[in-house]
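Visitor:
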Amino acid sequence: MTGPTFWEYVQQNQVKLWTLTQQHLVITLVALAVGAVVGIALGVLAYRVRQLRGGIIGTAGLILTIPSLALYALLVGLLGLGALPVVVALAMYSLLPIVRNTVAGLAGVSPAVVEAAQGQGMGSWRRLLRIQLPLAWPVILTGVRVSAVLIVGIAALGAIVNGPGLGVLILDGLRRVGSPVALNMALAGTLGVVLLGVALDLAFLGLGRFTISRGLRG
Amino acid sequence: MADDMIRLEGLCKRFPGQHAPAVEGLSLRVPAGRIAVLVGPSGCGKTTTMRMVNRIIEPDTGRIYLDGQDVTARDADQLRRQIGYVIQQVGLFPHLTVAQNVSTVPRMLKWDKARTRRRVDEMLDLMGLDPARYRDRYPKALSGGERQRVGVARALCADPPVMLMDEPFGAIDPINRDRLQNEFLRLQAELRKTILFVTHDIDEAIKMGDRIAILRERSEVVQYDTPANILAAPADDFVRDFLGGRRTLRRLGLARLGPEELRPWPVVDQDGTPGAALEQLRAADVPAVLVADRTGRPVRWADATALERATSLRGIGHAVPGVRLHAPLADVLDALLAGQAPGVAVADGDGRHVGVVDLPALVQAAGRMHEPSDERSGGRGEVHS
Chain A
34 MTGPTFWEYV QQNQVKLWTL TQQHLVITLV ALAVGAVVGI ALGVLAYRVR
84 QLRGGIIGTA GLILTIPSLA LYALLVGLLG LGALPVVVAL AMYSLLPIVR
134 NTVAGLAGVS PAVVEAAQGQ GMGSWRRLLR IQLPLAWPVI LTGVRVSAVL
184 IVGIAALGAI VNGPGLGVLI LDGLRRVGSP VALNMALAGT LGVVLLGVAL
234 DLAFLGLGRF TISRGLRG
Chain B
18 MADDMIRLEG LCKRFPGQHA PAVEGLSLRV PAGRIAVLVG PSGCGKTTTM
68 RMVNRIIEPD TGRIYLDGQD VTARDADQLR RQIGYVIQQV GLFPHLTVAQ
118 NVSTVPRMLK WDKARTRRRV DEMLDLMGLD PARYRDRYPK ALSGGERQRV
168 GVARALCADP PVMLMDEPFG AIDPINRDRL QNEFLRLQAE LRKTILFVTH
218 DIDEAIKMGD RIAILRERSE VVQYDTPANI LAAPADDFVR DFLGGRRTLR
268 RLGLARLGPE ELRPWPVVDQ DGTPGAALEQ LRAADVPAVL VADRTGRPVR
318 WADATALERA TSLRGIGHAV PGVRLHAPLA DVLDALLAGQ APGVAVADGD
368 GRHVGVVDLP ALVQAAGRMH EPSDERSGGR GEVHS
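Structure, rendered in structure tokens:
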């Protein structure tokens with residue numbers, strides 16, 4: 034017996050595919066937001082306290098070496114099934130590029146600019162928020178963009194702990210290997226993740242145009 | 018003295034991990050409205066000393082007084098908002114516009130928007146930058162000289178009584194540096210800020226300073242005096258070496274042409290006869306007479322040979338070199354040598370002819386420079402050529 038073609042499958046399951054894509058996007062963005070806030074904070078800390086720098090960057094790197102399957106399994110023990118362990122795992126994976134680029138971005142700010150800010154009477158927090166972070170922002174944003182593309186793929190695996198998103202299709206496809214729709218499902222899920230990754234990449238590129246000062250653009 | 022705007026007493030600083038202190042027991046007073054230049058070889062601690070005034074570097078011991086008040090323990094950020102700060106690399110904020118850069122301190126002081134905007138435009142005007150053209154530009158679209166002007170405007174914007182300038186013109190090419198220095202001196206003649214100025218260039222120190230502190234290692238003040246006095250009487254061999262050669266010639270750049278150097282000189286009208294002019298020349302016993310145009314301004318030199326051959330005084334002899342009263346003696350010498358004339362015609366501030374200075378008078382004036390004076394002759398109020 035022959036099943037529907039891939040295109041027929043997509044047309045028949047439009048609503049479901051669209052819903053899963055939206056879920057996938059939302060869970061990625063939520064995790065990314067958490068990762069960005071924590072990552073930038075850790076990056077600032079690592080930049081300011083030299084003694085902590087190696088430890089923070091090393092730990093963020095270590096997290097990336099944990100197989101995602103294992104991390105999901107560990108987090109389920111703590112947080113139960115569903116979206117929560119997925120968000121936490123993805124946020125953890127997103128840290129390394131963000132932390133690293135925050136440190137690199139801050140280190141790239143001209144010392145003369147920072148000294149001038151200090152000399153005008155800007156306190157250290159004002160200096161950080163008004164001068165250093167805005168100047169480091171193009172580099173930090175690149176880190177966030179790399180993380181987005183990185184975790185959009187890992188998010189697909191969240192389905193094994195009952196997480197939402199396109200991973201559900203891939204997992205279902207795996208379960209039904211041999212049935213006519215199995216390949217279509219896996220293909221639709223995979224293709225969706227890839228397209229989402231490309232879309233996110235472009236979206237962050239566009240975000241740079243709005244959030245990077247004209248004075249810093251080429 | 019109550020007139021001292023900046024008073025440093027016994028400042029010491031030793032950086033961790035360094036054996037010798039960077040600054041050891043420095044004391045210095047800068048009178049209100051004056052420029053004091055810290056000059057010395059690199060590594061002598063001059064920049065460290067300057068940074069202790071706005072406490073970017075905290076002194077280990079010693080006290081800092083601004084306008085009679087001890088500010089050694091004041092909140093550093095509040096203090097810095099009252100001290101203009103200009104550094105060699107300028108350090109404009111590249112992500113902010115010129116207007117936002119200039120208004121940095123007023124915005125922290127929470128000035129209202131209209132006042133801040135007015136002040137920014139006023140500052141840009143003062144620095145010779147058209148506000149309409151420059152206000153909304155970003156630093157990357159400015160030349161080196163324009164950046165430095167914006168840097169000075171930023172430092173001056175909240176009208177601080179005191180300015181710290183660390184090699185502010187050091188990264189500018191020589192021609193623009195000279196222009197910026199002159200502009201700044203003109204500005205200072207109006208603003209009368211109290212300025213601590215750091216440079217390693219003794220010529221810049223002589224040009225910019227009302228007083229110069231010559232420093233050696235550990236910020237030890239070897240000599241603190243007016244440029245003229247330091248050039249006239251270096252305290253020791255270190256200062257003499259540091260000043261380098263041609264000290265007398267350089268002093269000619271500092272001393273000003275006073276009315277006492279002028280001598281009367283026969284001036285004849287261009288419509289007169291060569292014969293009458295020749296008689297005046299012989300009567301006054303001078304090598305040449307001045308020929309004036311219809312407005313009475315001397316325009317030509319005519320010597321006896323020229324007068325004997327001429328039928329009219331118009332266009333006779335050579336053009337007259339001219340300088341203004343209070344011009345640096347170096348400029349007078351230059352005009353004298355370049356003009357190949359027996360003297361230089363001197364005009365007052367309104368352009369009226371007041372007399373002639375010749376080589377013997379100049380030599381006499383140079384001789385008078387050897388007596389040390391309290392302040393530089395002519396003063397800073399004068400706008401030079």
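Those protein sequence lines, which keep their order, are chains A and B.
Everything in the first sequence is counted per the numbering used here, starting at 34 for the first residue and increasing by one.
Everything in the second sequence is counted per the numbering used here, starting at 18 for the first residue and increasing by one.
No residue lacks a Cβ here, since even glycine has one placed at the ideal position from N, Cα and C.
#1: Can you list, in chain order, the residues of its chain whose CB lies under 7 Å from that of Y151/B, leaving out five sequence neighbours each side?
#2: Contact check, G154/A vs M125/B under 8 Å by CB: the rounded distance?
#3: Shorter than 7 Å from the beta carbon of V122/B to some beta carbon of chain A?
#4: Take T89/B as the anchor and find which of N71/B, L45/B and L376/B has the nearest alpha-carbon.
#5: Taking the alpha-carbon positions, what's the V177/A to I73/A distance?
#6: Start and end of the alpha helix (DSSP H) containing G138/A?
#7: So, Q287/B versus R331/B, is the Cβ gap smaller than 7 Å?
#8: According to DSSP, is P345/B helix, strand or coil?
#9: Closer than 7 Å, CB to CB, is S127/A near chain B or not?
#10: Kindly give me the distance between the Cβ atoms of M180/B and R166/B, rounded to whole angstroms, as I take these residues to be in contact under 8 Å.
#11: So the beta strand (DSSP E) K30/B belongs to, where does it begin and stop?
#12: How is the beta strand (DSSP E) around L181/B delimited, first residue to last?
#13: What alpha helix (DSSP H) runs, 4 residues minimum, are completely inside the stretch 40-116 of chain A?
#14: Of all the beta strand (DSSP E) runs that stay within the bounds of the stretch 288-337 of chain B, which reach a length of 3 or more residues?
#15: Along chain B, which residues have their Cβ under 7 Å away from the Cβ of L249/A?
#16: Can you confirm whether the stretch 148-167 of chain A touches the stretch 201-217 of chain A when touching is taken to mean that 3 or more C-beta pairs between the two stretches lie within less than 8 Å?
#17: Label F32/B either buried or exposed according to how many other C-beta atoms from any shown protein chain fall within 10 Å of its C-beta, with 16 as the threshold for buried.
#18: Enumerate in chain order the residues of its own chain whose CB-to-CB distance from R314/B is below 7 Å, with the five nearest sequence positions on each side excluded.
#19: Taking 7 Å as the threshold (beta carbon to beta carbon), is Q84/A in contact with chain B?
#20: On the three-state DSSP scale, how would you describe V400/B?
#21: Please state whether DSSP places G339/B in a helix, a strand or coil.
#22: Roughly how many angstroms lie between the CA atoms of R228/B and E278/B, to the nearest whole one?
#23: Under 8 Å, with one C-beta from each stretch per pair, do the stretch 176-195 of chain A and the stretch 96-103 of chain A reach the 3-pair mark?
#24: Is I8/B helix, strand or coil when you go by DSSP?
#25: Can you tell which of R68/B, V285/B, A358/B and L350/B has the C-alpha that lies nearest to the C-alpha of A382/B?
#26: Out of L96/B, L208/B, E200/B and M225/B, which one is the CA nearest neighbour of T216/B?
#27: Return the residues of the stretch 156-174 of chain B that lie within a Cβ-Cβ distance of less than 9 Å from chain A, sorted by chain order.
#28: How would you label H112/B, buried or exposed, when you count the other beta carbons within 10 angstroms and need 16 or more for buried?
#29: Using the rule of at least 16 other Cβ atoms within 10 Å of the residue's Cβ for burial, across every protein chain shown, is V400/B buried or exposed?
#30: Could you tell me the distance, in whole angstroms, from the CA atom of G15/A to the CA atom of V77/A?
#31: Rounded to a whole number of angstroms, what is the C-alpha to C-alpha distance between G368/B and W318/B?
#32: Counting beta carbon pairs with one atom in the stretch 51-58 of chain B and one in the stretch 218-235 of chain A, are three or more of them shorter than 8 Å?
#33: Going along chain B, which residues have a C-beta under 7 Å from Q151/A?
#34: With a cut-off of 8 Å, do at least 3 Cβ pairs link the stretch 263-276 of chain B to the stretch 337-352 of chain B?
#35: Counting only the same chain and skipping the five closest in sequence on each side, list residues whose C-beta sits under 6 Å from that of G251/A.
#36: Give the residues of chain B in contact with I164/A, contact being defined as C-beta atoms less than 7 Å apart.
Guide: Let me spell this out:
#1: Residue mapping note: residue 151/B aligns to position 134 of the second sequence, counting from 1. Same-chain partners within the cutoff: V115 and L141.
#2: For the purposes of this step, residue 154/A is taken as the residue at position 121 of the first sequence. For the purposes of this step, residue 125/B is taken as the residue at position 108 of the second sequence. With a contact defined as Cβ atoms closer than 8 Å, G154/A and M125/B qualify at about 6 Å.
#3: By 1-based counting over the second sequence, the position of residue 122/B is 105. So yes, V122/B belongs to the interface.
#4: Against the second sequence, residue 89/B aligns to sequence position 72. Nearest C-alpha to T89/B: N71/B.
#5: Here residue 177/A refers to the residue found at position 144 when the first sequence is read from its first residue. Here residue 73/A refers to the residue found at position 40 when the first sequence is read from its first residue. Their Cα atoms are separated by approximately 10 Å.
#6: Against the first sequence, residue 138/A aligns to sequence position 105. Here the alpha helix (DSSP H) through G138/A covers A116 to A140.
#7: Reading the second sequence from its first residue, position 270 is the one you call residue 287/B. Reading the second sequence from its first residue, position 314 is the one you call residue 331/B. The answer is yes: Cβ separation under 7 Å.
#8: The residue labelled residue 345/B in the question sits at position 328 within the second sequence. P345/B: strand per DSSP, three-state reduction.
#9: The residue you call residue 127/A lines up with position 94 of the first sequence. No, because no Cβ of chain B sits closer than 7 Å to the Cβ of S127/A.
#10: Stepping through the second sequence from its first residue, residue 180/B is reached at position 163. Stepping through the second sequence from its first residue, residue 166/B is reached at position 149. Incorrect: roughly 14 Å between the Cβ atoms, too far for contact.
#11: In the second sequence, counting from the first residue as 1, residue 30/B sits at position 13. Element bounds for K30/B: D21 to K30.
#12: Here residue 181/B is taken as the residue at index 164 of the second sequence, counted from 1. Note, L181/B: beta strand (DSSP E), V179 to D183.
#13: List check, alpha helix (DSSP H) in window: 47-81, 83-98 and 101-112.
#14: 305-309 and 315-320
#15: Numbered from its first residue, the first sequence carries residue 249/A at position 216. The answer, in chain order, is P111 and H112.
#16: no
#17: Within the second sequence, numbered from 1, the residue matching residue 32/B stands at position 15. Flag for F32/B reads exposed.
#18: Within the second sequence, residue 314/B is the residue found at index 297, counting from 1. Cβ within range, chain order: H370.
#19: Locating residue 84/A in the first sequence gives position 51, counting from the first residue. Q84/A does not count as touching chain B.
#20: Taking the second sequence and counting its residues from 1, the one referred to as residue 400/B is at position 383. No answer about V400/B holds up, because its pLDDT of 40 lies below 50 and its placement is not dependable.
#21: In the second sequence, counting from the first residue as 1, residue 339/B sits at position 322. Three-state DSSP puts G339/B in a strand.
#22: Here residue 228/B is taken as the residue at index 211 of the second sequence, counted from 1. Here residue 278/B is taken as the residue at index 261 of the second sequence, counted from 1. The alpha-carbon separation between R228/B and E278/B amounts to approximately 26 Å.
#23: With a cut-off of 8 Å, the stretch 96-103 of chain A and the stretch 176-195 of chain A count as touching, because enough Cβ pairs lie within range.
#24: Nothing can be reported for residue 8/B, as the shown portion of chain B is limited to 18 through 402.
#25: Locating residue 382/B in the second sequence gives position 365, where the first residue counts as 1. The option with the nearest alpha carbon to A382/B is L350/B.
#26: Locating residue 216/B in the second sequence gives position 199, counting from the first residue. It is M225/B.
#27: P156, K157, A158, G168, R171 and A172
#28: The count along the second sequence starts at 1 and reaches residue 112/B at position 95. With 16 or more Cβ atoms within 10 Å of its Cβ, H112/B is classed as buried.
#29: Taking the first residue of the second sequence as 1, we reach residue 400/B at position 383. Unreliable placement is indicated for V400/B, whose pLDDT of 40 sits below 50; the coordinate value is still reported in the next sentence. Counting the other Cβ atoms within 10 Å of the Cβ of V400/B gives fewer than 16, which makes it exposed.
#30: This structure gives no information on residue 15/A, because the portion of chain A shown stretches from 34 to 251.
#31: Against the second sequence, residue 368/B aligns to sequence position 351. Against the second sequence, residue 318/B aligns to sequence position 301. Between G368/B and W318/B, the C-alpha separation is close to 18 Å.
#32: The stretch 218-235 of chain A is not in contact with the stretch 51-58 of chain B.
#33: Position 118 of the first sequence holds residue 151/A. Within 7 Å Cβ-Cβ: I73.
#34: yes
#35: Looking up residue 251/A in the first sequence gives position 218. Cβ within range, chain order: n/a, list empty.
#36: Numbered from its first residue, the first sequence carries residue 164/A at position 131. Ordered by position in chain B, the residues that pass the 7 Å Cβ test against I164/A are F110.
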